[in-house]
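Colleague: Position in the sequence shown counted from 1, then plus 17, gives you the working numbering. One structure, as structure tokens, below. Some questions next.
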Amino acid sequence: MRTIHAAPASFMVPPAPHIVSSTPTPRGALPAKAPPGAAATIQSHARFPLPLRMDRRRRCATAASSSADATVASVEHAKRDVLIALSQIIDPDFGTDIVSCGFIKDLEISEALEEVSFRVELTTPACPVKDMFEEKANEVVIALPWVKKVNVTMSAQPAQPIYAGELPEGLQKISNIIAVSSCKGGVGKSTVAVNLAYTLAGMGARVGIFDADVFGPSLPTMVSPQNRLLVVNPENKSILPTEYLGVKLVSFGFAGQGRAIMRGPMVSGVINQLLTTTDWGELDYLVIDMPPGTGDIHLTLCQVAPLTAAVIVTTPQKLAFIDVAKGVRMFSKLKVPCVAVVENMCYFDAEEKRYYPFGQGSGAQVVQQFGIPNLFELPIRPTLSASGDTGIPEVVADPQGDVAKTFQNLGVCVVQQCAKIRQQVSTAVSYDRSIRAIRVKVPDSDEEFLLHPATVRRNDRSAQSVDEWTGEQKVQYGDIPEDIEPEEIRPMGNYAVSITWPDGFSQIAPYDQLDMLERLVDVPRPATPAVVS
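Next comes the structure, spelled out in structure tokens:
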């Protein structure tokens with residue numbers, strides 16, 4: 018009998034399989050018509066099975082690991098395919114694809130590479146093209162050859178102000194604040210404010226209305242909330258707004274005192290208290306019905322509330338235009354962009370003809386003279402006037418009527434313009450570490466320029482850097498190191514940014530000042546920024 022000497026396990030190589038029959042052979046038994054030496058091989062396997070088992074396990078584990086790596090690589094490749102497909106969808110407001118805008122969230126792909134799920138996070142729930150986005154997203158992804166199912170979820174960014182400063186607690190969860198103003202009484206400003214608010218609510222947004230007219234509040238007449246009195250939260254002393262059809266409402270008329278008889282400084286204090294101590298919660302849009310004029314109340318509101326934009330209301334008469342022009346100039350000085358003009362009581366239709374009893378051109382004149390991009394005309398309608406007296410807004414009473422369609426167009430305009438403004442402001446000033454320069458692109462300008470961080474810091478004009486009485490420079494050139502870098506840059510409304518420096522100094526840098534610096538130093542573009550003394 019032959020003696021079999023087992024080789025070390027590290028040198029053992031399993032023999033090539035020899036298949037003779039499809040019938041399984043018991044372990045240790047010779048298959049029929051086995052070749053010579055097969056018995057020795059089988060005995061060896063039966064006597065030393067452990068190393069072989071371990072080797073097989075190692076090979077199986079290696080194969081499984083390779084398979085897992087391949088699966089991960091395949092999923093990552095599939096995600097790239099999905100993002101490339103979605104980048105075909107362009108946001109009409111920003112002019113950029115929705116992937117670059119950062120709208121695609123929670124992208125998941127099944128291991129079988131058949132099912133794709135993701136969320137499209139828009140800037141506002143009232144986005145007028147959200148249905149188009151959802152339809153196109155399904156269309157471009159399902160067109161990929163390996164995709165069998167697509168799950169698209171539509172959502173919106175949390176409500177948050179673009180203003181970076183210390184806001185009152187009641188305003189910290191409001192994304193956009195819209196002022197509806199005319200600076201002229203009796204032109205239908207409150208009608209426009211209320212119907213615009215309910216139009217935005219109908220588009221899916223969370224909306225509030227603040228009636229800023231203490232002397233003659235209109236909101237209690239124009240809406241019909243079940244609870245007509247404001248309530249104070251006993252725990253934190255905040256004002257709880259009343260509601261009507263899902264829109265939050267605050268007016269001095271709901272304070273139980275009717276119309277006020279008080280002097281200007283007291284009025285400003287009341288307005289400030291009503292606006293800032295109200296617990297508005299999360300709102301996408303707060304519509305402020307501004308009182309007539311351009312006085313203390315308007316300045317208080319513009320200083321306390323970071324207004325995103327303004328809608329101007331006028332009538333065809335020349336007298337209305339004169340007052341409206343004052344209001345537009347006021348908003349321009351306060352860096353609040355006017356995004357639309359509403360010309361109320363323009364015309365009426367009769368006998369298949371359109372009549373303009375008060376003339377034409379006042380609204381168009383505002384648009385042309387001040388460069389406001391959008392004009393909307395409202396007709397003389399008994400129902401529109403009556404809705405202000407019945408407590409049911411016209412867009413609620415007749416949502417399919419011509420007036421409601423005009424307000425729908427106005428609502429789309431406001432949503433789009435606010436989104437553009439927020440996008441411009443959020444990206445207006447940034448720090449590029451690769452070239453150690455501050456990039457500046459002022460809103461409403463297509464030109465970008467570069468500034469050296471030390472130049473910006475040395476040209477601070479606040480009281481900490483410049484003596485308010487003498488104008489003497491407190492911070493000298495050598496006090497600021499040449500290699501200083503900003504720690505954080507945040508927008509402050511539509512007019513400035515807040516820059517935090519390593520020494521703890523927080524600098525408010527208005528866009529006008531940054532633009533002036535660019536003109537002074539004449540920084541070449543896109544070369545490395547220059548430094549001025």
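Backbone N, C-alpha and C fix where the C-beta goes; we use that ideal spot for every residue, glycine too.
Exposed or buried, asparagine 253, counting other C-beta atoms within 10 Å across all chains shown (16 or more means buried)?
Modeller: So asparagine 253 ends up on the exposed side.
Colleague: What first and last residue would you give for the beta strand (DSSP E) that runs through cysteine 355?
Modeller: Counting along the chain, the beta strand (DSSP E) containing cysteine 355 begins and ends at 355–360.
Colleague: Return yes when the C-beta of alanine 222 is under 7 Å from any heavy atom of the ligand FMN, and no when it is not.
Modeller: Looking for the ligand FMN in the displayed structure turns up nothing, as the structure carries no ligands at all.
Colleague: How far does the alpha helix (DSSP H) with glutamine 6 in it extend, from its first residue to its last?
Modeller: In the structure as shown, the chain starts at 18 and stops at 550, and residue 6 therefore has no counterpart that could be examined.
Colleague: To the nearest angstrom, report how far apart leucine 266 and aspartate 301 are at their CA atoms.
Modeller: Cα-Cα distance, rounded: 14 Å.
Colleague: Is it true that the segment 302–318 meets the segment 226–244, where meeting means three or more beta-carbon pairs spaced less than 8 Å apart?
Modeller: Yes, they touch.
Colleague: Output yes or no for whether 8 Å exceeds the beta carbon distance between serine 402 and proline 333.
Modeller: Not a contact, by the Cβ cut-off of 8 Å.
Colleague: Leaving out the 5 sequence neighbours to the left and right, which residues in its chain are closer than 8 Å to phenylalanine 365 when beta-carbon positions are compared?
Modeller: Same-chain partners within the cutoff: Arg371, Tyr372, Pro374, Pro396, Ile397, Arg398.
Colleague: Would you mind giving the Cβ-Cβ distance between alanine 555 and threonine 216, rounded to the nearest angstrom? I have them listed as a contact below 8 Å.
Modeller: Any answer about residue 555 is impossible in this case: the structure gives the chain only from 18 up to 550.
Colleague: What is the DSSP secondary structure of alanine 173, reduced to helix, strand or coil?
Modeller: Alanine 173: strand per DSSP, three-state reduction.
Colleague: Using the beta-carbon count (16 or more within 10 Å), is phenylalanine 232 buried or exposed?
Modeller: Phenylalanine 232 is exposed by the Cβ-count criterion.
Colleague: Alpha carbon to alpha carbon, how far is valine 473 from glutamine 433? Give it in angstroms, no decimals.
Modeller: Whole-angstrom Cα-Cα distance: 33 Å.
Colleague: Spatial neighbours of valine 284 within its chain, please: C-beta separation below 8 Å, excluding the five flanking residues on both sides.
Modeller: Same-chain partners within the cutoff: Val231, Phe232, Ala277, Asp313, Ile314.
Colleague: How long is the line joining the alpha carbons of valine 92 and arginine 456, rounded to whole angstroms?
Modeller: About 37 Å.
Colleague: What is the DSSP secondary structure of arginine 474, counted as helix, strand or coil?
Modeller: Three-state DSSP puts arginine 474 in a helix.
Colleague: Is the beta carbon of alanine 160 closer than 8 Å to that of leucine 557?
Modeller: No answer is possible for residue 557: it lies beyond the span of the chain, which begins at 18 and ends at 550.
Colleague: Per DSSP, what kind of secondary structure is arginine 456 in: helix, strand or coil?
Modeller: Of the three classes helix, strand and coil, the one that applies to arginine 456 here is strand, per DSSP.
Colleague: What do you get for tryptophan 163, buried or exposed, if any count of 16 or more other CB atoms within 10 angstroms of its CB means buried?
Modeller: Burial call: exposed.
Colleague: Of all the CB atoms in chain E, is at least one closer than 8 Å to the CB of leucine 188?
Modeller: The chain labelled as chain E is not found in the depicted structure, where only one protein chain is given.
Colleague: Is the beta carbon of isoleucine 107 less than 8 Å from the beta carbon of valine 137?
Modeller: No.
Colleague: Who are the Cβ neighbours of asparagine 631 in its own chain at under 7 Å, not counting the five residues just before and after it?
Modeller: Past the edges of the chain, shown from 18 to 550, lies residue 631, and the structure says nothing about it.
Colleague: Write down the C-beta distance between alanine 326 and valine 353 rounded to the nearest angstrom, noting that I regard them as a contact closer than 8 Å.
Modeller: Indeed, because the Cβ distance is near 7 Å, the residues count as touching under 8 Å.
Colleague: Quick check on tyrosine 494: buried or exposed, where buried means 16 or more other Cβ atoms within 10 Å of its Cβ?
Modeller: Looking at its Cβ environment, which holds fewer than 16 other Cβ atoms inside 10 Å, tyrosine 494 is exposed.
Colleague: Of the residues Val167, Thr113, Gly119, which one's Cα is nearest the Cα of glutamate 132?
Modeller: Out of Val167, Thr113, Gly119, Val167 has the C-alpha closest to the C-alpha of glutamate 132.
Colleague: What is the rounded straight-line gap between the Cα of glutamate 464 and the Cα of alanine 445?
Modeller: Approximately 11 Å, taken between the alpha carbons.
Colleague: Roughly how many whole angstroms lie between the Cα atoms of lysine 350 and cysteine 363?
Modeller: Each residue's Cα considered, the two are about 29 Å apart.
Colleague: Alanine 327 bridges to which residues according to DSSP?
Modeller: Looking at the DSSP assignment, alanine 327 forms a beta bridge with Ala196, Cys355.
Colleague: Report the partner residues of threonine 517 according to the DSSP bridge assignment.
Modeller: DSSP output for threonine 517 lists Glu505, Ser523 as bridge partner(s).
Colleague: Is the separation between the beta-carbon of asparagine 289 and that of valine 321 shorter than 8 Å?
Modeller: Yes, Cβ-Cβ distance for asparagine 289 and valine 321 is below 8 Å.
Colleague: Quick one: Cα of glycine 219 to Cα of proline 145, how far?
Modeller: Going by the C-alpha atoms only, they are around 11 Å apart.
Colleague: Give the single residue among Gly428, Glu368, Thr317, Gln382 whose Cα lies nearest to the Cα of valine 328.
Modeller: Residue Gly428 is the option with its Cα nearest to valine 328.
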